[in-house]
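Position 104 of the sequence shown, counted from 1, bears residue number 94 in the numbering used here, the numbering being contiguous throughout.
Just so you know, even glycine gets a beta-carbon here, dropped at the ideal spot from N, CA and C.
Bear in mind the structure is a predicted one, so any value in this text is a computation, not a measurement.
Contents: one structure, followed by commentary.
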Amino acid sequence: MSKKLKLLYNKKTILKRVKDLAQQISQDYPSGEIVLIGVLKGGFIFLADLVRALKTSAHIDFVRLASYGASTHSSGKVKIIKDLETSITGKDVIIVEDIIDTGLTLEFLKQELTKRRPRSLKICALLDKKARRKVEIGVDYVGITMEKDCFVVGYGLDFSEQYRNLPEIFFFDP
Ligand code: 5GP
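Structural data, given as structure tokens:
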């Protein structure tokens, strides 16, 4: 595959925004413990940096979701293929997602987790492709609102399992 990658967000920008998010979250939960739910796989690097910048203590758990029904675009049909290992009932929970596009994945996850009766449930996303949203979904903590409508890779985000290792965020220059 010979795709040309162009830098969209450098290391400094990403880490500054991650630090800002961690500060907001630490302020919002000064005494209590929170459960951070990382959405695999793309959110693993974001979650790792976020948790290390927090001042509050946090439990970590993961879910893995899969879309089905359409291969190229978000179909909105989502299922859990790796569930949480801990109960979130009565707990303050934050879903930590790499990127929100149509919002369909998070709408599904939010509905599923709400059924488990957490005390509170918020969403934290590193990147927000707001212009492409199909469903209204409240995002409580947003790292970067993307001006450009493009497919991005790096910092945990992949294209066919490639590019997750890149420390910065790139887009494909056609
Ligand atoms: P949504 O359901 O909001 O349309 O899709 C969210 C999921 O689609 C993200 O968690 C991510 O896995 C994937 N996704 C959406 N946009 C991008 C992108 O620009 N790059 C990568 N690598 N994945 C994306």
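Query, Result
"Ile4, buried or exposed, once every other Cβ within 10 Å from all chains shown has been counted against 16", "buried"
"Sub-7 Å separation of Leu11 and Val86 beta-carbons", "no"
"Local conformation of Thr76 per DSSP, three classes", "coil"
"Met(-9) to Arg106 span [Cα, whole Å]", "With a pLDDT of 49 at Met(-9), under the threshold of 50, the predicted position of this residue should be treated as unreliable, though the coordinate-derived value follows. So the two alpha carbons sit approximately 43 Å from each other."
"Candidates Lys9, Leu74, Leu44, of which the one nearest Leu30 by Cα", "Leu74"
"Three-way DSSP call (helix, strand, coil) for Glu87 in this model", "strand"
"Ile24 burial status per 10 Å Cβ neighbour count (16 or more: buried)", "buried"
"Contact the stretch 91 to 103 vs the stretch 43 to 59: 3+ CB pairs below 8 Å", "yes"
"Exposure label - Val125; buried when at least 16 CB within 10 Å", "exposed"
"Limits of the unbroken alpha helix (DSSP H) element including Leu40", "34 to 43"
"Alpha-carbon spacing of Glu158 relative to Lys(-4), whole angstroms", "10 Å"
"Contacting residues, own chain, Cβ-Cβ under 6 Å from Ser47 (five flanking each side not counted)", "Glu23"
"Identity of the residues DSSP links to Thr135 by a beta bridge", "Asp118"
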